[in-house]
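Peer 1:
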Amino acid sequence: MNYLAHAYLSFRQEEVLLGNFIGDFVKGKMMAQYPDKIRHGILLHREIDKFTDSHPLVRAGQTYLRPKFGHYSTVITDIFFDYFLGKNWNRYSNQSLEDFTLEVYEQVSKYEAYFPNRFGNLFYWMKKDNWLLHYSTIKGIQSSLTGLSKRTKFDSKMEQAHLALLEKEEEFEIIFFAFFEDLKTFAKQKLEEIQHQDDIN
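Quick note on numbering: the sequence shown equals residues 731 to 931 in our numbering.
#1: Look at Ile772 and Ile752 and say whether their C-beta atoms are less than 8 Å apart.
#2: Measuring alpha carbon to alpha carbon, tell me which residue in Ser886, Ala894 and Pro846 is nearest Phe755.
#3: Let me know if Asn750 comes out buried or exposed under the rule of 16 or more other beta-carbons within 10 Å of its beta-carbon.
#4: Distance, Cα to Cα, Asp912 vs Asp885?
#5: Give me the Cα-Cα distance between His775 and Leu878, rounded to the nearest whole angstrom.
#6: Rounded to whole angstroms, what's the CA-CA distance from Lys869 to Gln763? Just pull it up for me.
#7: Please go through the same chain and pick out, in chain order, the residues whose beta-carbon is closer than 8 Å to the beta-carbon of Arg796, but skip the five residues on each side of it.
#8: Pro797 by DSSP, collapsed to three states: which one?
#9: Rounded to the nearest angstrom, what separates Leu815 and Ser866 at their Cα positions?
#10: Taking only runs of the alpha helix (DSSP H) that begin and end inside the stretch 754-802, which ones reach a length of at least 4 residues, in chain order?
#11: Assess, as a yes-or-no matter, whether the stretch 734-742 is touched by the stretch 907-921 under the definition of 3 or more beta carbon pairs within less than 8 Å.
#12: Return the first residue and the last residue of the alpha helix (DSSP H) that Arg848 is part of.
#13: Is it the case that the Cβ atoms of Phe810 and Phe902 are separated by a distance below 8 Å?
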């Protein structure tokens with residue numbers, strides 16, 4: 731999943747939110763330098779990604795994308811799902827998306843001392859250009875996918891992926907609604923499990 735979904739699935743716990751955001755940047759022995767609650771978020775991030783990558787509905791959506799985008803289909807569906815979450819935000823939260831995103835930036839900023847090296851620069855641009863809010867628009871995800879395309883070693887064609895979304899938006903949205911219900915349930919249970927395991931150790 732992408733950043734908006736990871737933020738939402740942190741269940742309003744600040745340190746879990748930070749861990750969920752930096753999960754891709756923390757490798758191996760780096761885990762030991764983080765307090766327990768941030769570690770919980772890092773572990774949750776990894777579990778969310780594993781659950782997403784193996785879910786049959788997600789794989790069904792990627793089947794449509796794979797002939798053109800190859801292994802980049804995984805990244806593209808993550809971005810698509812943030813689009814659908816943002817677009818349908820009122821279905822999932824009583825708080826406005828704009829207020830939620832500003833709250834996320836404020837909370838993550840408190841823990842700058844824990845930012846891994848490469849995350850600091852990414853978060854600066856995320857906050858400056860308000861990626862979390864703009865994921866809810868076609869223009870926003872087109873910009874995000876184009877930016878990712880410029881950073882890939884090979885011709886990913888991700889700058890064209892928004893066209894695939896426009897062509898099959900209804901089908902992808904149906905997949906998202908069904909999958910995200912499963913993911914919410916999984917993430918909540920998994921976080922409780924991670925926290926409980928830490929409590930008894």
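Glycine included, each C-beta is placed from N, C-alpha and C at the ideal position.
Computed from a predicted structure; not experimentally measured.
Peer 2: Once the coordinates are examined:
#1: Less than 8 Å divides the Cβ of Ile772 from the Cβ of Ile752.
#2: Pro846
#3: The residue in question, Asn750, is buried, as its Cβ has 16 or more Cβ neighbours within 10 Å.
#4: 33 Å
#5: 20 Å
#6: 38 Å
#7: Closer than 8 Å at the Cβ level, and outside the excluded window around Arg796, lie Ser803.
#8: helix
#9: 7 Å
#10: If we require 4 residues or more, the alpha helix (DSSP H) runs fully inside the stretch 754-802 come out as 766-784 and 786-799.
#11: yes
#12: Segment Asn847 to Lys858, the alpha helix (DSSP H) holding Arg848.
#13: yes
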